[in-house]
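Student: Sequential numbering of the sequence shown, starting at 17, is according to my numbering. Glycine included, every Cβ here is placed at the ideal spot set by N, Cα and C. Given the structure is predicted, the values throughout are model-derived calculations rather than measurements. Once you've had a glance at the structure underneath, I'll fire off some questions.
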Amino acid sequence: MTDTPEWFRETLCPDYGLSLRVDRVLQESETGHQRLRLFENARFGRVLTLDGVIQTTTADEFIYHEMMAHVPILAHGAARRVLILGGGDGGLAREVLRHASVEQVTMVEIDAGVVAFSREHLPGLSAGAFDDPRLDLVIADGMAFVTQSSAQFDVILVDSTDPVGPGEVLFTDSFYGRAKARLAEGGILVTQNGVPFIQPEELRQSMRAFRALFRDATCYLATVPTYSGGPMALGWGTDGTARQTPVDVLRDRLEAAGFEPRYYTPEVHAAAFALPGYVARLMT
């Protein structure tokens, strides 16, 4: 008789859940804000959960982090200062810092425990990003930072958890307005907006705020297996024209950057803004 394997079941949504077999529990801990659990799964590698919700896996994190970082940075074409709100595992900072043209990255994370946990148990995600002299790590509330700071950024990336707990405020109209005030001329705001098929209100509410704030307000999509239920939406807001950057220009900029992403390509970049009807209707 064999032991019944343990299965993790995510219950973020009341009528839908993702299950992963727990092959081995590696670490469990509590921070002042969240409960962290790290386990291994044969398909997804190391799986990090916060308060019972999957945040990232070592097998497919590159898709999300590449699409959140490279789409706005390469579309902008001259991003020097980047603000990351959230992203305590360091994966997004890793991708942003692959751009030698980026001179400074300010990363604001509310939970120092997530950073410490990730540095110790998921060092491959940050891949040295926390030791890069261009990175300024600030342990603070993201809403408070954009309210109190006077700094200007070319790109702002909101790598938040879902709109529950510490991440809830990062989905409010007030937050989006204050984040926009931190954008330099032609700056771009990109946000994590969930899986539209499963979480339609999350995208609808964010896009309502974006339309009131930005001349160019939309989203683009990335297919990340961990975030099941359809493609994931990344909100896009700018008063500039970066979304119209031609594919051949994106290709030249990526070549000049000198690295080869695993998921992102200029062609995928352009296609990601072609929205299925049900997603486009959430933004009207």
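Work out the CA separation of Q260 and G158 for me, nearest whole Å.
Tutor: 29 Å
Student: Expressed to the nearest angstrom, what Euclidean distance is found between the alpha-carbon atoms of A296 and T20?
Tutor: About 44 Å.
Student: Please return the same chain residues whose Cβ sits closer than 7 Å to the Cβ of P241, not counting the five positions on each side in sequence.
Tutor: D76
Student: Nearest-angstrom Cα distance between F7 and V124?
Tutor: The structure shown has nothing for residue 7, since the chain only spans 17 to 300.
Student: Should T27 and G68 be called a contact, given that it needs their Cβ atoms to be closer than 8 Å?
Tutor: yes
Student: Starting from G158 and walking both ways along the alpha helix (DSSP H), at which residues does that stretch end?
Tutor: G158 to Q164
Student: Can you give the Cα-Cα distance for L138 and V63, rounded to whole angstroms?
Tutor: 10 Å
Student: So, using beta-carbon positions, are D31 and T72 closer together than 8 Å?
Tutor: no
Student: Rounding to the nearest angstrom, what Cα-Cα distance links N9 and A195 in this structure?
Tutor: The question about residue 9 has no answer here: the residues shown for the chain are numbered 17 through 300.
Student: Could you give the distance in angstroms between the alpha-carbon of V211 and the alpha-carbon of H49?
Tutor: 24 Å
Student: For the candidate residues E56, R59 and L90, whose alpha-carbon lies nearest to that of A286?
Tutor: Selected option, being the one with the closest Cα: L90.
Student: Can you tell me where the beta strand (DSSP E) holding R231 begins and where it ends?
Tutor: From DSSP, R231 is part of no beta strand (DSSP E); its letter is neither H nor E.
Student: Could you tell me which residues DSSP puts in a beta bridge with I79?
Tutor: I79 pairs with nothing; no bridge assigned.
Student: At which residues does the alpha helix (DSSP H) containing E22 begin and terminate?
Tutor: Note, E22: premise wrong, no alpha helix (DSSP H); beta strand (DSSP E) at E22 to R25.
Student: For W23, collect the residues of the same chain with a Cβ closer than 8 Å to its Cβ; drop the 5 residues on either side in sequence, then sort them by chain order.
Tutor: Cβ within range, chain order: S35, L36, R37 and V38.
Student: Mind reading off the beta-carbon distance from V130 to Y236? Whole number of angstroms is fine, and I expect it under 8 Å.
Tutor: Between Y236 and V130 the Cβ distance is about 26 Å, and since that is not below 8 Å, they are no contact.
Student: Rounded to whole angstroms, what's the CA-CA distance from N57 to Q43? Just pull it up for me.
Tutor: So the two alpha carbons sit approximately 14 Å from each other.
Student: Just verifying my parser: in three-state terms, what is the DSSP assignment at V295?
Tutor: helix
Student: Give me the Cα-Cα distance between M299 and M223, rounded to the nearest whole angstrom.
Tutor: 6 Å
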